[in-house]
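All residue numbers for the sequence shown refer to the numbering used here, where the first residue is 6 and numbers rise by one.
We put the beta carbon where it would ideally sit given N, CA and C, even for glycine.
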Amino acid sequence: MMERWALESVGSDGTLGAGERQARGRGDTVGSGAEILVKALEREQVEVIFCYPGGANLEILDQLRDSSIRMVLTRHEQGAAHEASGYGRVSGRPGVCLATSGPGATNLVTGLAAASMDSVPLIAITGQVGTGMVGTDAFQEVDVTGITDPITKHNYLVRHPEDVAKTVKEAFYIAGSGRPGPVLLDIPRDVAQAETGVTTAGEIDLRGYKPNLRGHQGQIKQVLRLLADAARPVVIAGGGVLCAGAWPEMLRLAEGQRLPIANTLMGLGSVPLDHALALGMMGVHGLAPANLAVQSADLLIALGTRFSDRMSCNTEGFAPAAKIIHIDVDPAEIGKNVRADVPLVGDLKIVLGQILAKLEPGRPAGGAAGRDSWLAEIAEWKKIPHDPGPVRPDRLSAPAVIEALAAALPPQAIVATDVGQHQMWAAQRLRHRRPRGFISSGGLGAMGYGIPAAIGAQLACPRDLVVVVTGDGSFQMGLPELGTAKERRLPVKILLLNNDYLGMVKQLQDFYCDHRYAAVAFSDNPDFGALAAAYGADYFLAADQAALSLALPAFLAAPGLAVLEARVAPEENVYPMVLAGQNLDQMIGR
6 MMERWALESV GSDGTLGAGE RQARGRGDTV GSGAEILVKA LEREQVEVIF
56 CYPGGANLEI LDQLRDSSIR MVLTRHEQGA AHEASGYGRV SGRPGVCLAT
106 SGPGATNLVT GLAAASMDSV PLIAITGQVG TGMVGTDAFQ EVDVTGITDP
156 ITKHNYLVRH PEDVAKTVKE AFYIAGSGRP GPVLLDIPRD VAQAETGVTT
206 AGEIDLRGYK PNLRGHQGQI KQVLRLLADA ARPVVIAGGG VLCAGAWPEM
256 LRLAEGQRLP IANTLMGLGS VPLDHALALG MMGVHGLAPA NLAVQSADLL
306 IALGTRFSDR MSCNTEGFAP AAKIIHIDVD PAEIGKNVRA DVPLVGDLKI
356 VLGQILAKLE PGRPAGGAAG RDSWLAEIAE WKKIPHDPGP VRPDRLSAPA
406 VIEALAAALP PQAIVATDVG QHQMWAAQRL RHRRPRGFIS SGGLGAMGYG
456 IPAAIGAQLA CPRDLVVVVT GDGSFQMGLP ELGTAKERRL PVKILLLNND
506 YLGMVKQLQD FYCDHRYAAV AFSDNPDFGA LAAAYGADYF LAADQAALSL
556 ALPAFLAAPG LAVLEARVAP EENVYPMVLA GQNLDQMIGR
């Protein structure tokens, strides 16, 4: 148990109470709220904090200045949140961001919502006006705990300096345990200034928050029984597999029992796309083998997935012949969107370990003949070619660009994407050989995510190649953070697919608005080469296959920040595509 002093609280004017003055006279430890905050972050082994300054977080910044924690000055608070997200996604540890009160706090909201929907561990710290001014509509005051209540796993308004250390410890525990997510700490300026002797936290005991980690033995027996009877089983690997670090256990189960694996967007990377059992991404823009297998299965083993509308499409017609085993650490997700015949709550790494322990090593639980037939049918589906789309002599094919990138990337490369057609092409066609190596805004679908998320990933993995796949719309949303990359000398590589359109919205207008385009054409895009030069980035341009063949290797080998603009055909759409109200196997353009 860490030592803790029980002293009088600080007065509203921020002065020491009698207990603190007495403690200081004895030579005991006393610190300001800001100092205690930074020391608590150091105890949590925080290496980097993505921050933007303001009047309400001055004391925190001042303490960080002399800390072991590196401050990364971002160009926008939303960028700070996305950078913390990218850091958390690849490292598995909570990323940390810091903003001031008012607009600084509200600028974090999109990043917090994205982290919440994608189960990313993240700690957001906001400065706040003094406690005596909270609720008075003071300058740059906003009720950030009220605003973020629906989009954080938990949040705190820290009213007393003696609560700072305990709150930080609780926040990191909540953010990283169970289903990961963002936690916000709102710290009034007088709390940051005031001094107290309570500088460390004791043991955490959060009544009402006890994530269930081990699976129920009775439910595990049902899993084994269904697996033994299944002739056409499919594993659906969601983002929870990556959150829990459970990909080794999943692969052991799949390889031992000969189970094909379909991925959700968030689960990409849990199995390499070139693995014999990999089906690729399922969903609205899922690959034919994945969608057809899921719809034809007699058993689905769903691991760490929300069964969102983008993956299941028409829930009434979803996997009509399948029994569904749904394993997730968050009980609220089980049965929420799709029925679960066997609900199983627990940490995936632990639960899969429990299942593996009950299986006879090396012997499939089901009939071998049935599995052979099933895998042979899937092998035929895998021969269905991608639709290449129209080809223009003056523009590249976007899928072909992604295929070229996939062939050139080393296995340990990290890829971040923005949101749009390029995101789906990257999800479909990259090899995804590195767990936690594909970073994308899945649930919220936030444009402007890719560049800052890549910055966070590069800082978490400084020796690895980090590539952004973005479009001309998303690039301009994430553009300010090129200043952060420049200042930190980060060698992020940005592949910009420029079709002079907001391509995904244009595609939706093709199908749902009878090709009536509204507010999707960029009639006068900026000179992206000049923008790259302004930020000190190497710039490469490719408008045909010959130019791409020369530019791509040089782009990936560039020693610093680099941008490759690939001019692609605006007519191309992402296929396959499942239209609204259709089932997964009713794809067009497959």
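Integer Cβ distance of residue i from residue j, believed to fall under 8 angstroms
i           : j           : result
residue 117 : residue 172 : So it is not a contact: roughly 17 angstroms between Cβ atoms.
residue 442 : residue 409 : 18 angstroms between Cβ atoms; not a contact.
residue 90  : residue 127 : 6 angstroms
residue 178 : residue 156 : Wrong, their Cβ atoms sit about 19 angstroms apart, outside the cutoff.
residue 553 : residue 406 : 6 angstroms
residue 268 : residue 255 : 11 angstroms between Cβ atoms; not a contact.
residue 401 : residue 550 : 7 angstroms
residue 259 : residue 228 : About 14 angstroms; that fails the 8 angstroms criterion.
residue 360 : residue 456 : Not really, about 40 angstroms apart at Cβ, beyond 8 angstroms.
residue 170 : residue 205 : 5 angstroms
residue 647 : residue 353 : This structure leaves residue 647 out entirely; the chain is present only between 6 and 595.
residue 77  : residue 466 : About 15 angstroms; that fails the 8 angstroms criterion.
residue 547 : residue 571 : 5 angstroms
Three-state secondary structure assigned by DSSP to residue i
i           : result
residue 405 : helix
residue 225 : helix
residue 310 : coil
residue 52  : coil
residue 498 : strand
residue 27  : Summary for residue 27: the model assigns pLDDT 37, below 50, so the residue's position carries little reliability; its value from the coordinates is reported in the next sentence. Three-state DSSP puts residue 27 in a helix.
residue 591 : coil
residue 545 : strand
residue 95  : helix
residue 246 : helix
residue 44  : helix
residue 341 : coil
residue 73  : coil
residue 323 : coil
residue 354 : helix
Contacting residues, own chain, Cβ-Cβ under 8 angstroms from residue i (five flanking each side not counted)
i           : result
residue 340 : 331 and 348
residue 527 : 477, 478, 505, 506 and 507
residue 303 : 235, 236, 237, 238, 326, 327 and 328
residue 65  : 39, 42, 43, 103, 130, 132, 192 and 197
residue 472 : 410, 414, 418, 419, 420, 421, 459, 497, 498, 499, 500 and 561
Same chain, Cβ closer than 7 angstroms to residue i, neighbours up to 5 away in sequence not counted
i           : result
residue 343 : 312, 317, 320, 323 and 329
residue 301 : 237
residue 216 : 182, 183 and 334
residue 274 : 247, 437, 439, 440, 441, 442 and 443
residue 379 : 236 and 237
residue 387 : 294
residue 69  : 43, 54 and 76
Contact set for residue i: own chain, Cβ-Cβ below 6 angstroms, skip 5 residues either direction
i           : result
residue 191 : 131, 133, 149, 150 and 162
residue 115 : 83 and 451
residue 145 : 106 and 107
residue 487 : 540
residue 58  : 66
residue 493 : none
residue 220 : 349, 351, 356 and 359
residue 491 : 540 and 541
residue 503 : 477, 570 and 572
Residue i burial status per 10 Å Cβ neighbour count (16 or more: buried)
i           : result
residue 593 : exposed
residue 110 : buried
residue 56  : buried
residue 512 : buried
residue 555 : exposed
residue 545 : buried
residue 279 : exposed
residue 243 : buried
residue 564 : exposed
residue 187 : buried
residue 454 : buried
Beta carbon proximity, residue i to chain D, threshold 7 angstroms
i           : result
residue 227 : Protein chain content of the structure displayed is limited to a single chain, and chain D is not contained in it.
Completely contained alpha helix (DSSP H) runs for the segment 169-226, where each covers 4 or more residues: 169-181 and 194-198
Sequence ranges, alpha helix (DSSP H) only - wholly within the segment 415-490, length at least 4: 426-434, 455-465 and 477-483
Length-filtered (3 minimum) beta strand (DSSP E) runs lying within the segment 86-152: Counting only runs of 3 or more, we get 100-104 and 127-133.
Segments of 4+ residues assigned as alpha helix (DSSP H) that fall wholly inside the segment 273-302: 293-301
Within the segment 495-580, ranges of the beta strand (DSSP E) (whole runs, at least 3 residues): 498-503, 543-547 and 567-572
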